[in-house]
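Taking my numbering, the leading residue of the sequence shown gets 23, the next gets one more, and so forth.
Cβ atoms here follow ideal geometry from the backbone N, Cα and C, with glycine treated the same way.
Below: one structure, written as structure tokens.
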Amino acid sequence: MTDPRYRKLASLLVHHSTRIKPGDKVLVEAFDIPEEFLAVLIRSIAEAGGVPLCMTKHNRVLRELFRHATEEGMEFWASIERAQMEGVQVYMGVRGALNVTELSDVPADQMALFQRTLWKKVHTEVRIRKTRWVVLRWPSPSMAQLAKMSTEAFEDFYFDVCTVDYAAMERAMQPLRERMEKAKRVHIAGPGTDLRFSIEGIPVIGCAGTMNIPDGEMFTAPVRDSVEGKLSVNTQSLYYGMVFDHIALEFRRGRIETMTANHQKRLEEILNSDEGGRYIGEFSIAFNPKILHPLLDTLFDEKIAGSFHFTPGQAYEEADNGNRSGVHWDLVTIQRPEYGGGEIRLDGELIRKDGLFVPEDLQGLNPESFPKI
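This is the structure we're talking about:
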């Protein structure tokens, strides 16, 4: 018997996230996920009038392809997938992982080759700009282990978190969008963190289940050269198969001047892979009421209630500060009291303290208020 939660999630992806219309060609890119869910998703796309296409991938196979790729081979691979992406109106990326650290031993120069060819030419230049897209993880024993949960408990958590009331979230986040759109200066303070930067003139984008599942954030970007101060990241971060901890960055005129972490050499390789890797491409305030602790998965961790993330690398076109890079690394800092607390101010006004929004018009985004919307 098919898990009934599959149908609920598939319906969310089809009708809310991508709003499939009759005749839409829909590419589903699936990494190590159950065939049962793929079948339900394809059926849901077809029932909505879409034309489903499916490309399945496996991380163990990708590891070998990445490790042995040549420039010529990767360019050819990118040309094939780019043509496919250019032919569809909708993209769904469902990304499972039997082993979340499968890519940890792919050399940095090979990952950089992937980033500047296939990722850039297919995803950055086509998928993100020209399709209606959504990406999500798929629960696995490997993810459950990282979350320190049983497989069954993690699956229950996953489906609960991924199918929150995004329509209610969309209504509640509008006052935050309006405040950020009017703001010129941001000041973030907390243990080991004292950041000041401008967001003047940069668009502000609210996310309530239309591009990521799970979702719950409001993002923009700092004016590229405006970032000053220091950032201490208080969560672990899994980036291309390696777990980073104790990341600390110092900025001057927007550029990361000093950096430290447990994997110092790999950190430096990533942020030095191109010029834009040392500048910030995104700043986001997160508020998913059901995600409270890090799981070592960016799609979840960047939505943690009471957190913000600061992103070295590529800026999104919708909130563009001009930074270009093959890197896009969301570094998450939680500001709730059990993580050390902290404050966010817009033009000097206290917006959030110790993870809770302070102004009355923003309090609907606090976890204890969200279910009452």
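Proximal residues to residue i (C-beta, below 6 Å), its chain only, five neighbours per side dropped
i: Tyr113; result: Leu49, Arg149, Thr153 and Trp155
i: Thr173; result: Pro163 and Ala166
i: Ile227; result: Phe241, Glu340 and Ala341
i: Ser391; result: Gln385
i: Ile210; result: Leu217 and Ile366
i: His315; result: none
i: Thr40; result: Val112, Arg154 and Val156
i: Leu271; result: Leu253, Ile278 and Met281
Selected residue, minimal CA-CA separation from residue i, among the options
i: Ala230; options: Phe332, Pro129, Met107 and Ala308; result: Ala308
i: Lys30; options: Ile366, Ser66 and Gly377; result: Ser66
i: Asp319; options: Pro129, Thr123, Asn345 and Tyr28; result: Thr123
i: Asp131; options: Asp25, Leu384 and Ala91; result: Ala91
i: Asp267; options: Thr282, Ile227 and Gly276; result: Thr282
i: Val110; options: Cys76, Asp247 and Ile235; result: Cys76
i: Glu108; options: Tyr28, Glu94 and Arg151; result: Arg151
i: Pro359; options: Glu94, Met171, His37 and Gly212; result: Gly212
i: Ala143; options: Trp160, Gln106, Pro381 and Gly228; result: A small fix is needed here, since residue 143 is Lys in this sequence, not Ala. That would be Gln106, whose Cα lies nearest to the Cα of Lys143.
i: Gly118; options: Glu297, Gly95 and Leu84; result: Leu84
i: Lys206; options: Pro197, Asn388, Gly370 and Asp383; result: Gly370
i: Leu293; options: Gln137, Gln196 and Arg159; result: Gln137
i: Leu135; options: Ile102, His331 and Glu93; result: Glu93
i: Ile42; options: Tyr180, Gly71, Asp178 and Leu60; result: Gly71
i: Ser383; options: Arg104, Thr24 and Pro197; result: Per the sequence shown, the amino acid found at residue 383 is Asp instead of Ser. Asp383 has its Cα closest to that of Pro197, out of Arg104, Thr24 and Pro197.
i: Thr78; options: Glu51, Ala32 and Gly95; result: Glu51
Contact under 9 Å by Cβ, residue i with residue j
i: Val349; j: Ile326; result: no
i: Glu304; j: Phe219; result: no
i: Arg274; j: Glu290; result: no
i: Trp99; j: Thr146; result: no
i: Thr257; j: Ser329; result: yes
i: Phe322; j: Val183; result: yes
i: Thr344; j: Arg246; result: Correcting the residue identity first, residue 344 is Gly in this sequence and not Thr. Yes. Within cutoff.
i: Ile278; j: Ser254; result: no
i: Trp160; j: Asp54; result: yes
i: Val157; j: Ile102; result: no
i: Glu58; j: Tyr28; result: yes
i: Leu60; j: Val36; result: no
i: Tyr180; j: Leu34; result: no
i: Tyr361; j: Pro334; result: no
i: Asp352; j: Ser259; result: yes
Element boundaries [beta strand (DSSP E), containing residue i]
i: Leu374; result: Note that residue 374 is Arg in the sequence shown here, rather than Leu. It spans Glu371 to Lys375 - the beta strand (DSSP E) in which Arg374 sits, taken as one unbroken run.
i: Lys79; result: Val73 to Lys79
i: Lys252; result: Glu250 to Ser254
i: Met133; result: That residue, Met133, is in no beta strand (DSSP E); its alpha helix (DSSP H) goes Ala130 to Phe136.
i: Ser295; result: Neither: Ser295 is in no beta strand (DSSP E) and is coded neither H nor E.
i: Met165; result: Looking at the DSSP string, Met165 is not in any beta strand (DSSP E); the run it does join, the alpha helix (DSSP H), is Pro163 to Leu168.
i: Thr215; result: Thr215 to Ser220
i: Ala52; result: Lys47 to Phe53
i: Glu239; result: Glu239 to Thr242
i: Ile313; result: Careful: Ile313 lies outside any beta strand (DSSP E) and carries neither H nor E.
Other residues of its chain near residue i: CB distance less than 8 Å, five sequence neighbours each side excluded
i: Ala68; result: Pro74
i: Val208; result: Leu217, Arg218, Phe219, Ser220, Ile221, Pro244, Phe305, Ile366, Arg367 and Leu368
i: Leu125; result: Asn81, Leu84, Arg85, Phe88, Met133, Tyr262 and Gly263
i: Gln336; result: Thr146, Gly298, Gly303, Asn345, Arg346, Ser347, Gly348, Val349 and His350
i: Val128; result: Arg85, Phe88, Arg89, Tyr262 and Gly263
i: Thr215; result: Gly251, Lys252, Leu253, Ser254, Thr355 and Gly364
i: Asp237; result: Tyr188, Met191, Cys229, Ala230, Gly231, Asn310 and Lys325
i: Met171; result: Phe179
Same chain, Cβ closer than 7 Å to residue i, five either side skipped, listed in chain order
i: Ile395; result: Its pLDDT being 44, under 50, Ile395 is placed unreliably in this model, and the value from its coordinates should be taken loosely. So the qualifying residues of the chain are Ala190, Arg193, Ala194 and Gly386.
i: Ala169; result: Phe176 and Leu317
i: Lys375; result: Glu365
i: Gly363; result: Gly212, Gln357 and Asp376
i: Lys312; result: Asp182, Val183 and Val186
i: Arg288; result: Ala130 and Met264
i: Arg199; result: Val226, Gly228 and Met240
i: Leu372; result: Glu365 and Val380
i: Ala32; result: Val62, Leu63 and Ser66
i: Ser295; result: Ala134, Gly348 and Val349
Extent of the continuous alpha helix (DSSP H) run through residue i
i: Ser306; result: Looking at the DSSP string, Ser306 is not in any alpha helix (DSSP H); the run it does join, the beta strand (DSSP E), is Ile302 to Ala308.
i: Lys30; result: Pro26 to Ser33
i: Trp155; result: Run containing Trp155: none in the alpha helix (DSSP H); it sits in the beta strand (DSSP E), Arg154 to Arg159.
i: Met202; result: Gln196 to Lys204
i: Ala68; result: Glu57 to Glu69
i: Val183; result: Thr173 to Cys184
i: Gly95; result: Glu93 to Glu108
i: Thr320; result: Thr320 to Asp323
If we require 3 or more residues per run, which beta strand (DSSP E) segments fall completely within the segment 332 to 368? DSSP runs (the beta strand (DSSP E)) wholly in the segment 332 to 368: 353 to 356 and 365 to 368.
Which parts of the segment 258 to 287 are runs of the beta strand (DSSP E), unbroken and 3 residues or longer, counting only runs that do not cross its ends? 259 to 261, 264 to 266, 270 to 274 and 277 to 282
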